[in-house]
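Asks:
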Amino acid sequence: MSLCERCKAFSLMEVIFASHSESRPEGWVHSKRYSTLKANSAQCRLCAILVGNLNAQQEALIQDDDRVTVLIFSRDQWPRQQSGAGRHCPLAGIEVRVGQQNTFNSVKHVPIWTDENNEMMKQFIVPRPVGAVTNETILKRWRDECLHNHPACRVLSRDTIDLTTDESVFPLPTRLIDVGDESTDPFLVEPKGLRGRYVALSHCWGKDSSGITKTETGTLEDHKQRIPIDSLSANFRDAIQVTRKLGYQYLWIDSLCIIQNRMADWEAESKMMAAIYTGASLTLAAANSSSANEGFLKPRQPPKKTVTLPFEVVPGMKIGECTIGEQVVPELFHDSFREDVERQSPLAKRGWTLQERLLSRRTIFFGRDEFHWECRSQRWSESTGLRPVRYVDVSAGLAAFRGLPIFGPTCSSVEQSAFLLNDWYMLVQEYTKRSLTKKHVDKLPALSGIARVVHAGLGRDNTLYRAGLWTHDLHRAVLWKSFGPELGSVTCRLPGPSWSWMSRDARIFPARQAEPGTAVDVDDFRVYVQPSGSGVDPYGMVATGTLSFRAYIRQIPSIKLIDPLPSQTSAPYPLTNALIYDQHAQQIGSVVLDDPTDQAILLEKLFAVAVRHTMTSQGQSIAKIEALLLQRLRLGGSYLRIGVIDMMGSNFNDERCKGAPFAQPFQTFFYNVERKQITIV
Numbered sequence: 001m002s003l004c005e006r007c008k009a010f011s012l013m014e015v016i017f018a019s020h021s022e023s024r025p026e027g028w029v030h031s032k033r034y035s036t037l038k039a040n041s042a043q044c045r046l047c048a049i050l051v052g053n054l055n056a057q058q059e060a061l062i063q064d065d066d067r068v069t070v071l072i073f074s075r076d077q078w079p080r081q082q083s084g085a086g087r088h089c090p091l092a093g094i095e096v097r098v099g100q101q102n103t104f105n106s107v108k109h110v111p112i113w114t115d116e117n118n119e120m121m122k123q124f125i126v127p128r129p130v131g132a133v134t135n136e137t138i139l140k141r142w143r144d145e146c147l148h149n150h151p152a153c154r155v156l157s158r159d160t161i162d163l164t165t166d167e168s169v170f171p172l173p174t175r176l177i178d179v180g181d182e183s184t185d186p187f188l189v190e191p192k193g194l195r196g197r198y199v200a201l202s203h204c205w206g207k208d209s210s211g212i213t214k215t216e217t218g219t220l221e222d223h224k225q226r227i228p229i230d231s232l233s234a235n236f237r238d239a240i241q242v243t244r245k246l247g248y249q250y251l252w253i254d255s256l257c258i259i260q261n262r263m264a265d266w267e268a269e270s271k272m273m274a275a276i277y278t279g280a281s282l283t284l285a286a287a288n289s290s291s292a293n294e295g296f297l298k299p300r301q302p303p304k305k306t307v308t309l310p311f312e313v314v315p316g317m318k319i320g321e322c323t324i325g326e327q328v329v330p331e332l333f334h335d336s337f338r339e340d341v342e343r344q345s346p347l348a349k350r351g352w353t354l355q356e357r358l359l360s361r362r363t364i365f366f367g368r369d370e371f372h373w374e375c376r377s378q379r380w381s382e383s384t385g386l387r388p389v390r391y392v393d394v395s396a397g398l399a400a401f402r403g404l405p406i407f408g409p410t411c412s413s414v415e416q417s418a419f420l421l422n423d424w425y426m427l428v429q430e431y432t433k434r435s436l437t438k439k440h441v442d443k444l445p446a447l448s449g450i451a452r453v454v455h456a457g458l459g460r461d462n463t464l465y466r467a468g469l470w471t472h473d474l475h476r477a478v479l480w481k482s483f484g485p486e487l488g489s490v491t492c493r494l495p496g497p498s499w500s501w502m503s504r505d506a507r508i509f510p511a512r513q514a515e516p517g518t519a520v521d522v523d524d525f526r527v528y529v530q531p532s533g534s535g536v537d538p539y540g541m542v543a544t545g546t547l548s549f550r551a552y553i554r555q556i557p558s559i560k561l562i563d564p565l566p567s568q569t570s571a572p573y574p575l576t577n578a579l580i581y582d583q584h585a586q587q588i589g590s591v592v593l594d595d596p597t598d599q600a601i602l603l604e605k606l607f608a609v610a611v612r613h614t615m616t617s618q619g620q621s622i623a624k625i626e627a628l629l630l631q632r633l634r635l636g637g638s639y640l641r642i643g644v645i646d647m648m649g650s651n652f653n654d655e656r657c658k659g660a661p662f663a664q665p666f667q668t669f670f671y672n673v674e675r676k677q678i679t680i681v
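For reference, each letter of the sequence shown is one residue, going 1 to 681 in UniProt numbering.
(1) Just the Cα atoms here: how many angstroms apart are LYS32 and GLU356?
(2) Going by other Cβ atoms of all chains shown within 10 Å of its Cβ, with 16 needed for buried, is LYS676 buried or exposed?
(3) Please identify the residue among LEU12, SER638, LEU640, PHE525 whose C-alpha is closest to the C-alpha of VAL314.
(4) Going by beta carbon distance, what residues of the same chain come within less than 6 Å of ILE625, once the five residues before and after it are set aside?
(5) Going by the CB atoms, is the gap between ILE678 and ILE559 shorter than 7 Å?
(6) SER281 to ALA275, Cα distance in whole Å?
(7) Which residues does DSSP pair with MET648 in a beta bridge?
(8) Taking the alpha helix (DSSP H) that GLN355 belongs to, which residues open and close that run?
(9) Are the beta-carbon atoms of ARG343 and THR432 separated by less than 7 Å?
(10) In chain order, what residues of the same chain lie with their CB nearer than 8 Å to the CB of ALA48, ignoring the 5 residues before and after it?
(11) Just checking, does the stretch 560-567 make contact with the stretch 578-597 on the three C-beta pairs under 8 Å criterion?
(12) Does DSSP put ARG143 in a helix, in a strand, or in coil?
(13) Kindly indicate which three-state DSSP category THR544 falls into: helix, strand or coil?
(14) Evaluate the contact criterion for the stretch 228-246 versus the stretch 200-209: three or more CB pairs, one atom per stretch, below 8 Å.
(15) Pairs of beta-carbons, one from the stretch 437-451 and one from the stretch 512-520, closer than 8 Å: are there three or more?
(16) Below 7 Å between beta carbons: does that hold for ALA287 and SER345?
(17) Here's a check: name, in chain order, each residue in its chain whose Cβ is nearer than 6 Å to the Cβ of TRP142, leaving out the five neighbours to either side.
(18) Can you tell me where the beta strand (DSSP E) with LYS318 in it begins and where it stops?
(19) With a threshold of 16 other CB atoms inside 10 Å of the CB of ASN261, please say whether the residue is buried or exposed.
(20) Give the secondary structure of THR432 by DSSP, where H, G and I count as helix, E and B as strand, and everything else as coil.
(21) With distances taken from CA atoms, which of THR353, LEU172, ILE112 is nearest THR323?
(22) Under a Cβ-count criterion, where at least 16 other Cβ atoms within 10 Å of its own Cβ denotes burial, should TYR198 be classed as buried or exposed?
(23) Exposed or buried, GLU674, counting other C-beta atoms within 10 Å across all chains shown (16 or more means buried)?
(24) I'd like the list of long-range same chain contacts for TRP499, defined as Cβ closer than 7 Å, with 5 residues on each side in sequence excluded.
(25) Quick check on VAL107: buried or exposed, where buried means 16 or more other Cβ atoms within 10 Å of its Cβ?
(26) Among LEU630, LYS481, LEU37, which residue has its Cα nearest to the Cα of VAL70?
(27) Can you tell me whether ILE678 is helix, strand or coil according to DSSP?
(28) Taking the alpha-carbon positions, what's the PRO574 to GLU321 distance?
(29) From THR215 to PRO299, what does the alpha carbon distance come to, in whole angstroms?
(30) Going by beta carbon distance, what residues of the same chain come within less than 8 Å of LEU220, once the five residues before and after it are set aside?
(31) So what does DSSP say about PRO382, is it helix, strand or coil?
(32) Select from LYS192, GLY218, ASP222, LEU50 the residue whose C-alpha is nearest the C-alpha of PRO186.
(33) Can you determine whether any heavy atom of the ligand FMN sits closer than 6 Å to the C-beta of SER617, and answer yes or no?
(34) Return the chain-ordered list of same chain residues with a C-beta closer than 6 Å to the C-beta of ARG97, the five sequence neighbours on each side being excluded.
(35) Between PHE365, LEU464, TRP352, HIS475, which lies nearest to LEU427 when the distance is taken from Cα to Cα?
(36) What is the residue span of the alpha helix (DSSP H) that THR243 lies within?
Structure follows, in structure tokens:
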């Protein structure tokens, strides 16, 4: 196929000028009639690309006499390029519009790219979106740029930046894989206190872990001699290949570097996750692989149709070539990083991988169609080269762990702690959306690395970490709400104290930060936890625990389930599934039960415990009360947490409120109630 006369006249610079022209705001006119473009597409390669990939719905809207216009778009702003002083925004593609002026029946985006090695062309157009599946050139460029120009990425501590820090001084983990070269098989080594550089792998084991290559007591000595490369799971072979190509000697893989059938070793190594991933010079994230046996260096689909055209800055002055092709990667004006890493990746659905991402100083994500880079200082994708990814929607939590400057120089330590605490609750919410294969034993260990970092930020002398809660913030921490389970599904109870979110196999919605006018109604907190296993890790799994405090407590006269129970599957926050009533059958609050499927609990004696209340802006009445819903156990006099209550506020004209013991006026339900010491297990 050749080019039609109109496509022979196609000039990207002319399209750029037309996209900015006030006299031609619709862009460069390719065809006055869509029917002409469609007819030419049978013989013209460029017309075929411009008209291709329209879906049936778009096709049905297009009229034969619709005009076809072309504009350009960049990664930073589409459809028109925008650049500030001294700032160039390379083009990422062209936008094809079909319709009449200001009314478009179809809009299509077509990528353009140029040669990675043409430095002049790269000022105008992004380089090739994807290279070879094992293309290590771009990976080395990213790595070297970070090593030389990102001092914040060289350090382990988020509090200090040492410009002279050498990567090679970091302690090596207990065990590593010596990858050797292509002429030798890898083998397991035990550095025993040595320092050096190594790479870590972040990956999904998959639903069936039986076929994954593991180190166990029976294979430990054999693995120290050699691990036959052909016996390794596909992810591990790919990781070894990349590690070799990038020039590293050592690689850390969880299933090979932790003795899988020795609990003491697993406990000792799992508490080192923060040090292992933070200390790694680089983390390889198998973002496109759902199991260890799948592999992450997968073949890439090349564009089916491409057209290469000369690029002239002025007529007759050619500086290179540009290629226009069918879409193979997610549309470039979308954030392919977010699609590959945060939305579509199996890693984004696994519990362990959250801390692996947050704690790593540098990570290469092997996405579906692109490689991506993330470090404490920058994000890049193959389609951006060394140009920043614009859509860096970095949450405060992610920024905190990456050492980004989220705290201004005037921020006090109290403000920093408040920011970090909010980050923690956001991370708990994200973490509990994810799945764990061994949820009964991994619930806290898979978050322990992050907990250590947060504890250091909050100040180890200021608080303690107990079963996933911070002791200085218990009045907020105990008010978490659970999303489920759905009616008819399996119970969501896990080992651990009922007052901790760790005891629920469900999404968790932490309580919000206290609003202005909020007062705490509990005091004298005392927490005790009994670790499971050997108990060597204070951030690890907890078997049992008690939480004691002094509070206002009163039995609830009546509670009724909402019928039918609302579905929590897609709800942005937990929905009310029960209502409580006072002795006059007046509704006084709504409840989110931890497990609404366990309806037998509603036949027990239930109690409300006021935790905190918020006054109205005028300060004359109570706006709301947040309380725990407890079940009293028949033996011992202690309680189980079974939900959270949002209680209605009081009317400041209600005479019954004026004698309330700890707020005037107050919810009449707690009128004349005395504080008691209670214990929740």
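Just so you know, even glycine gets a beta-carbon here, dropped at the ideal spot from N, CA and C.
Replies: To lay it out plainly:
(1) Working through the sequence shown from its first residue, we reach residue 32 at position 32. Working through the sequence shown from its first residue, we reach residue 356 at position 356. So the two alpha carbons sit approximately 54 Å from each other.
(2) As a first step, residue 676 is located in the sequence shown; it is residue number 676 there, counting from the start. Exposed is the call here.
(3) Sequence index remark: in the sequence shown, residue 314 carries index 314 (1-based). Cα-wise, what sits closest to VAL314 is LEU12.
(4) Start at 1 with the first residue of the sequence shown, and residue 625 comes out as number 625. Same-chain partners within the cutoff: ALA610, HIS613, MET647, GLN667.
(5) Locating residue 559 in the sequence shown gives position 559, where the first residue counts as 1. Locating residue 678 in the sequence shown gives position 678, where the first residue counts as 1. It is not a contact, given that the beta carbons lie outside the stated cut-off.
(6) Here residue 281 is taken as the residue at index 281 of the sequence shown, counted from 1. Here residue 275 is taken as the residue at index 275 of the sequence shown, counted from 1. Approximately 12 Å, taken between the alpha carbons.
(7) As a first step, residue 648 must be located in the sequence shown, where it is residue number 648. Answer is LYS624.
(8) Position 355 of the sequence shown, counted from the first residue, corresponds to residue 355. Here the alpha helix (DSSP H) through GLN355 covers 352-359.
(9) If you number the sequence shown from 1, residue 343 lands on position 343. If you number the sequence shown from 1, residue 432 lands on position 432. No, Cβ-Cβ distance for ARG343 and THR432 is not below 7 Å.
(10) Within the sequence shown, numbered from 1, the residue matching residue 48 stands at position 48. Closer than 8 Å at the Cβ level, and outside the excluded window around ALA48, lie MET1, SER41, ALA42, LYS305.
(11) yes
(12) As a working mapping, residue 143 is identified with position 143 in the sequence shown. In the structure shown, ARG143 sits in a helix (DSSP, three-state: H, G or I).
(13) If you number the sequence shown from 1, residue 544 lands on position 544. Under the three-state reduction of DSSP output, THR544 falls in the strand class.
(14) yes
(15) no
(16) On the sequence shown, residue 287 is found 287 positions in, with the first residue counted as 1. On the sequence shown, residue 345 is found 345 positions in, with the first residue counted as 1. Yes. Within cutoff.
(17) Stepping through the sequence shown from its first residue, residue 142 is reached at position 142. Cβ within range, chain order: TRP373, TRP380.
(18) Within the sequence shown, residue 318 is the residue found at index 318, counting from 1. For LYS318, the enclosing beta strand (DSSP E) stretches over residues 317-325.
(19) Residue 261 sits at position 261 when you count from the first residue of the sequence shown. Per the 10 Å Cβ criterion, exposed.
(20) As a first step, residue 432 must be located in the sequence shown, where it is residue number 432. Three-state DSSP puts THR432 in coil, outside helix and strand.
(21) To locate residue 323, count along the sequence shown from 1; it is residue 323. Of the listed residues, the one whose Cα sits closest to THR323 is ILE112.
(22) As a first step, residue 198 must be located in the sequence shown, where it is residue number 198. TYR198 is buried by the Cβ-count criterion.
(23) The residue given as residue 674 occupies position 674 in the sequence shown. Classification for GLU674: exposed.
(24) Start at 1 with the first residue of the sequence shown, and residue 499 comes out as number 499. Closer than 7 Å at the Cβ level, and outside the excluded window around TRP499, lie VAL478, LEU547, ARG641, ILE680.
(25) Here the question's residue 107 lines up with position 107 in the sequence shown. Exposed, by the Cβ-count rule.
(26) Numbered from 1 along the sequence shown, position 70 holds the residue referred to as residue 70. Out of LEU630, LYS481, LEU37, LEU37 has the C-alpha closest to the C-alpha of VAL70.
(27) Stepping through the sequence shown from its first residue, residue 678 is reached at position 678. ILE678 falls in the strand class under three-state DSSP.
(28) Here the question's residue 574 lines up with position 574 in the sequence shown. Here the question's residue 321 lines up with position 321 in the sequence shown. If I take the Cα positions, the gap works out to 55 Å.
(29) By 1-based counting over the sequence shown, the position of residue 215 is 215. By 1-based counting over the sequence shown, the position of residue 299 is 299. Going by the C-alpha atoms only, they are around 30 Å apart.
(30) As a working note, residue 220 is residue 220 in the sequence shown. Taken in chain order, the residues that qualify are LEU188, ILE259.
(31) Numbered from 1 along the sequence shown, position 382 holds the residue referred to as residue 382. Residue 382 is actually Glu in this sequence, not Pro. GLU382 falls in the coil class under three-state DSSP.
(32) Position 186 of the sequence shown, counting from 1, holds the residue named residue 186. The shortest Cα separation from PRO186 among LYS192, GLY218, ASP222, LEU50 belongs to ASP222.
(33) Absence of the ligand FMN from the depicted structure is noted, as is the absence of any ligand whatsoever, leaving it without description.
(34) Residue numbering aside, residue 97 sits at position 97 when the sequence shown is read from its first letter. The answer, listed in chain order, is THR69, PHE104, VAL107.
(35) On the sequence shown, residue 427 is found 427 positions in, with the first residue counted as 1. For the residues PHE365, LEU464, TRP352, HIS475, the minimum Cα distance to LEU427 belongs to TRP352.
(36) Locating residue 243 in the sequence shown gives position 243, counting from the first residue. For THR243, the uninterrupted alpha helix (DSSP H) segment begins and ends at 234-245.
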